[in-house]
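Visitor: Once you've had a glance at the structure underneath, I'll fire off some questions.
Number of protein chains: 2
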Amino acid sequence: MADNFIGIDLGGTNIKIGCLSADMKLLWKTSIPTNAQMGPAAVIDRMVDAIEEAAGNKNTSLETIKAVGIGSPGPAKYAEGILIRCTNLPKFTNVPITKMLKEKLRLPVVLDNDANAACFGEFVAGAGKNVKNMVFFTLGTGIGGGIISDGRLLRGSGGNAAELGHIIVQANGRLCNCGQRGCAEAYASASATARRATEAIEAGEQSSLKEVLEEKGEITSKDVYEHLGKGDKLAKKITDETAEVLAVLCVNMLHCTEPERFVFAGGMIAAGEMLLDRIRYYFKQHIWKIKSEDNIEICFATLGEDAGIIGAAAMAGELKTKS
Amino acid sequence: MADNFIGIDLGGTNIKIGCLSADMKLLWKTSIPTNAQMGPAAVIDRMVDAIEEAAGNKNTSLETIKAVGIGSPGPAKYAEGILIRCTNLPKFTNVPITKMLKEKLRLPVVLDNDANAACFGEFVAGAGKNVKNMVFFTLGTGIGGGIISDGRLLRGSGGNAAELGHIIVQANGRLCNCGQRGCAEAYASASATARRATEAIEAGEQSSLKEVLEEKGEITSKDVYEHLGKGDKLAKKITDETAEVLAVLCVNMLHCTEPERFVFAGGMIAAGEMLLDRIRYYFKQHIWKIKSEDNIEICFATLGEDAGIIGAAAMAGELKTKS
Numbered sequence: 009m010a011d012n013f014i015g016i017d018l019g020g021t022n023i024k025i026g027c028l029s030a031d032m033k034l035l036w037k038t039s040i041p042t043n044a045q046m047g048p049a050a051v052i053d054r055m056v057d058a059i060e061e062a063a064g065n066k067n068t069s070l071e072t073i074k075a076v077g078i079g080s081p082g083p084a085k086y087a088e089g090i091l092i093r094c095t096n097l098p099k100f101t102n103v104p105i106t107k108m109l110k111e112k113l114r115l116p117v118v119l120d121n122d123a124n125a126a127c128f129g130e131f132v133a134g135a136g137k138n139v140k141n142m143v144f145f146t147l148g149t150g151i152g153g154g155i156i157s158d159g160r161l162l163r164g165s166g167g168n169a170a171e172l173g174h175i176i177v178q179a180n181g182r183l184c185n186c187g188q189r190g191c192a193e194a195y196a197s198a199s200a201t202a203r204r205a206t207e208a209i210e211a212g213e214q215s216s217l218k219e220v221l222e223e224k225g226e227i228t229s230k231d232v233y234e235h236l237g238k239g240d241k242l243a244k245k246i247t248d249e250t251a252e253v254l255a256v257l258c259v260n261m262l263h264c265t266e267p268e269r270f271v272f273a274g275g276m277i278a279a280g281e282m283l284l285d286r287i288r289y290y291f292k293q294h295i296w297k298i299k300s301e302d303n304i305e306i307c308f309a310t311l312g313e314d315a316g317i318i319g320a321a322a323m324a325g326e327l328k329t330k331s
Numbered sequence: 009m010a011d012n013f014i015g016i017d018l019g020g021t022n023i024k025i026g027c028l029s030a031d032m033k034l035l036w037k038t039s040i041p042t043n044a045q046m047g048p049a050a051v052i053d054r055m056v057d058a059i060e061e062a063a064g065n066k067n068t069s070l071e072t073i074k075a076v077g078i079g080s081p082g083p084a085k086y087a088e089g090i091l092i093r094c095t096n097l098p099k100f101t102n103v104p105i106t107k108m109l110k111e112k113l114r115l116p117v118v119l120d121n122d123a124n125a126a127c128f129g130e131f132v133a134g135a136g137k138n139v140k141n142m143v144f145f146t147l148g149t150g151i152g153g154g155i156i157s158d159g160r161l162l163r164g165s166g167g168n169a170a171e172l173g174h175i176i177v178q179a180n181g182r183l184c185n186c187g188q189r190g191c192a193e194a195y196a197s198a199s200a201t202a203r204r205a206t207e208a209i210e211a212g213e214q215s216s217l218k219e220v221l222e223e224k225g226e227i228t229s230k231d232v233y234e235h236l237g238k239g240d241k242l243a244k245k246i247t248d249e250t251a252e253v254l255a256v257l258c259v260n261m262l263h264c265t266e267p268e269r270f271v272f273a274g275g276m277i278a279a280g281e282m283l284l285d286r287i288r289y290y291f292k293q294h295i296w297k298i299k300s301e302d303n304i305e306i307c308f309a310t311l312g313e314d315a316g317i318i319g320a321a322a323m324a325g326e327l328k329t330k331s
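This is how it looks when you write it as structure tokens:
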């Protein structure tokens, strides 16, 4: 009987659960609403029920499951398995989630942050499959990240490595939600991209996005990319600014951990090849000239929403190997 | 008979050689002029002679030496042990230095870049002795770096990780020698610090450094720190700008690999505690507010010029363990 591993992606709205075989095949996946307001104990009970039900339905006997991995939003004490506090999970304060799950499931449980889990998923089964060094960015409300160096996920001294959205690319620049100035996230996250478009229109720039703002009262990054596709000049300028900051972020990470590949994930990659092409263009503009970096690949993630569960399960697989 | 390891720091002017015991004690060290113009074969012969002579004089029998490590300026193919080209070592083009040394000494030989060697030296025997995650900067003509993550030196996909001076802190900012704009090195290396002082005086700023410029025709970073000590206002401003860029570099590296400690080395640390205090001050100013980073230490290297030979020898020690 082959070993299988459960991966859990704990989000504010939904909990996604997947079962991964030892050879990295996703055997099944399921999803339940998080209902965080019910409190941690009830949420964890429902999580266990969902695992048992899905395993039964899919004919993967519970005995084949050897370990469980969870990807969650931070901050957390990952090594100790304790969620400190999550903006999107009210009532989840100082929750010893690995201990609680372990008691219910009687299996080893490992906790890591959601961006690391997604990064590891892409590394073992997606866009990073055939490289040993990769840097991963998720472009959403913020910019999350993950670093694979020589085949290992970098966790840092306290499990908070790869907060790549908070790398400063413009010292004393735009204020970021984190309190720093000039973070990449303050310019190039989905939210920041939308905000720059709004600011430009409010400052009087002409754009087909103006109607969107007037009708809906707000602009999203999706609007920006839709109007980019239709040839709007402001949408082009805003996208270029986003791409340039992301390219500088790639330059910086190249000089840190020297990956062979940069992988972009998250809602904003729906912008498609136009965004990727502009990131590649600006990377060439900004990268040093003393050594050719033409072999560096910049691409999109390939696992979509499954990256988190696959990565968390793969981490559980590593845990099993170690224990 | 205990095992010993040789560390070589190959510089443009001098070749430093040291012998390290397995418990990280520097048993002896020596130095010879490089005389790079004699060509690689002759230089390597002299290197071997110097090792044999020193070992004889210091009563460390050659049989106790189990491996040799070399730290050299790049670029090189480190894994293959080939020096591609070194600005400071004319005639050293595509030199298979590890193979050549191996044939003469009949010992395993490992090659890495000089900043990595110094970083590893500080990690095993100096300022990073009791941490597992550290980031190291050398402040000289340029800014070099090294990253220790979870006790391992990060080498990257091609041995060129941790080129930390070329992290962009001001997108589209000051032109760097590497062809990028806004690199930390373009503002905060020893040379860049001196250059900013010169520019300020030429732009008409008042300073006791003006006399130095008129007398010597140039200003060095050492002059800047001497006049800082004497209370010169421009020297204070220039030092503050250097410290601020170095602090932003620390912020960025904290968000990459989350070290517990930042270690500064190189000629410019002669500036002393005043420089360190200002880096710490600006780090507090620039770091995010969502999580306390009060435990992060920012300090100077402690091994001085021995870091390179100790680190290269310690790398040789690791090689021996593996082979």
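Quick mapping for you: the protein sequence lines, in order, are chains X and W.
Residues in the first sequence are numbered consecutively from 9, following our numbering.
Residues in the second sequence are numbered consecutively from 9, following our numbering.
Virtual Cβ for every residue (Gly too), placed ideally from N, Cα, C.
So does the stretch 24 to 38 of chain X actually touch the stretch 59 to 76 of chain X, counting three or more Cβ pairs closer than 8 Å?
Guide: These segments touch.
Visitor: With 16 as the cutoff for other CB atoms within 10 Å, does P98(X) come out buried or exposed?
Guide: When all chains shown are included, P98(X) counts as exposed.
Visitor: Looking only at C-alpha atoms, which of I14(X), A133(X), M46(X), M108(X) sits nearest to G77(X)?
Guide: The option with the nearest alpha carbon to G77(X) is I14(X).
Visitor: Quickly, what does DSSP pair D120(W) with across the bridge? List them, please.
Guide: Per DSSP, G79(W).
Visitor: What are the residues in the stretch 162 to 182 of chain W lying within 9 Å of chain X by C-beta distance?
Guide: Answer in chain order: L162, R163, G164, S165, G166, G167, N168, A169, A170, E171, L172, G173, H174, I175, I176, V177, Q178, A179, N180, G181.
Visitor: What are the boundary residues of the beta strand (DSSP E) that C27(W) is part of?
Guide: Looking at the DSSP string, the run of the beta strand (DSSP E) that includes C27(W) is 22 to 29.
Visitor: Measuring only between beta-carbons, confirm whether K292(W) sits less than 8 Å from chain X.
Guide: No, K292(W) lies away from the interface with chain X (no Cβ there is under 8 Å from its Cβ).
Visitor: I need the boundaries of the alpha helix (DSSP H) containing M261(W), first residue and last residue.
Guide: It spans 241 to 265 - the alpha helix (DSSP H) in which M261(W) sits, taken as one unbroken run.
Visitor: When the Cα atoms are used, what is the spatial distance from T106(X) to L147(W)?
Guide: Going by the C-alpha atoms only, they are around 44 Å apart.
Visitor: What does M276(X) pair with, by DSSP beta-bridge criteria?
Guide: Answer is none; M276(X) lacks a bridge partner.
Visitor: Name, please, each residue of chain X whose Cβ falls closer than 8 Å to the Cβ of C186(W).
Guide: Neighbours of C186(W) on chain X, chain order: W296, K297, I298.
Visitor: For M108(X), does the three-state DSSP call read helix, strand or coil?
Guide: Correct three-state label for M108(X): helix.
Visitor: Of the residues P81(X), K74(X), A194(X), G20(X), which one's Cα is nearest the Cα of E249(X)?
Guide: E249(X) has its Cα closest to that of A194(X), out of P81(X), K74(X), A194(X), G20(X).
Visitor: Can you name the residues of chain W whose CB is closer than 8 Å to the CB of S157(X)?
Guide: Residues of chain W passing the Cβ test: S157, L162, G164, A169.
Visitor: For the stretch 266 to 281 of chain X, list every residue whose C-beta sits within 7 Å of some C-beta in chain W, in sequence order.
Guide: Going along the stretch 266 to 281 of chain X in chain order, one finds E266, P267, E268 with a Cβ nearer than 7 Å to chain W.
Visitor: Measure the alpha-carbon distance for L35(X) versus L113(X) and round it to whole angstroms.
Guide: Their Cα atoms are separated by approximately 19 Å.
Visitor: Identify the continuous alpha helix (DSSP H) that holds D17(X) and give its terminal residues.
Guide: Not the alpha helix (DSSP H): D17(X) falls in the beta strand (DSSP E), residues 12 to 18.
Visitor: Identify which residue in I25(X), G159(X), G167(X), L283(X) has its Cα closest to the Cα of A315(X).
Guide: Among I25(X), G159(X), G167(X), L283(X), the Cα nearest to that of A315(X) belongs to I25(X).
Visitor: Taking C-alpha atoms, which residue in K37(X), V118(X), A192(X) lies nearest to I317(X)?
Guide: Closest option to I317(X), Cα to Cα, is K37(X).
Visitor: Please confirm if A123(X) has its CB atom under 8 Å from at least one CB of chain W.
Guide: Cβ-Cβ to chain W under 8 Å: no for A123(X).
Visitor: With DSSP collapsed to three states, give me the class of M32(X).
Guide: Three-state result, M32(X): coil.
Visitor: Please go through the stretch 146 to 233 of chain W and give each complete beta strand (DSSP E) segment of 3 or more residues, from N-terminal end onward.
Guide: Listed in chain order, they are 151 to 157.
Visitor: Can you list, in chain order, the residues of the stretch 254 to 265 of chain X whose Cβ is nearer than 7 Å to any Cβ on chain W?
Guide: Per Cβ criterion, the list reads V256, V259, N260, H263, C264, T265.
Visitor: Roughly how many angstroms separate the alpha carbons of S331(X) and V118(W), rounded to a whole number?
Guide: With a pLDDT of only 47 at S331(X), under the threshold of 50, the placement of this residue in the model should not be trusted, and no figure is reported.
Visitor: Against N96(X), what residues of chain W qualify as contacts under a CB-to-CB distance less than 8 Å, listed in chain order?
Guide: Within 8 Å Cβ-Cβ: nothing; N96(X) doesn't reach chain W, min ~15 Å.
Visitor: Going by DSSP, what residues sit across from T72(W) in a beta bridge?
Guide: In the DSSP output, where bridge partners are listed per residue, T72(W) has none listed.
Visitor: With 8 Å as the threshold, decide whether the Cβ of P48(X) is near any Cβ in chain W.
Guide: No, its Cβ sits nowhere closer than 8 Å to a Cβ of chain W.
Visitor: So for N102(W), helix, strand or coil by DSSP?
Guide: Strand.
Visitor: Please name the residue or residues paired with R269(W) in a DSSP beta bridge.
Guide: DSSP, once it has assigned bridges, lists M142(W), E305(W) as partnering R269(W).
Visitor: Leaving aside the five residues before and after L91(X) along the sequence, list all residues of the same chain whose C-beta is less than 7 Å from its C-beta, in chain order.
Guide: Taken in chain order, the residues that qualify are S80, A84, F100, V103, I105.
Visitor: What first and last residue would you give for the alpha helix (DSSP H) that runs through I52(W)?
Guide: Run containing I52(W): 48 to 65, per the alpha helix (DSSP H) assignment.
Visitor: Nearest to T149(X) by CA position, among I304(X), H235(X), K230(X), is which residue?
Guide: Minimum Cα distance to T149(X) is reached at K230(X).
Visitor: Quick one: list the residues of chain W neighbouring P83(X), beta-carbon separation under 9 Å, in chain order.
Guide: In chain order: I298, K299.
Visitor: Taking 8 Å as the CB-CB limit, is K245(X) close to chain W?
Guide: Judged by the 8 Å Cβ criterion, K245(X) is not in contact with chain W.
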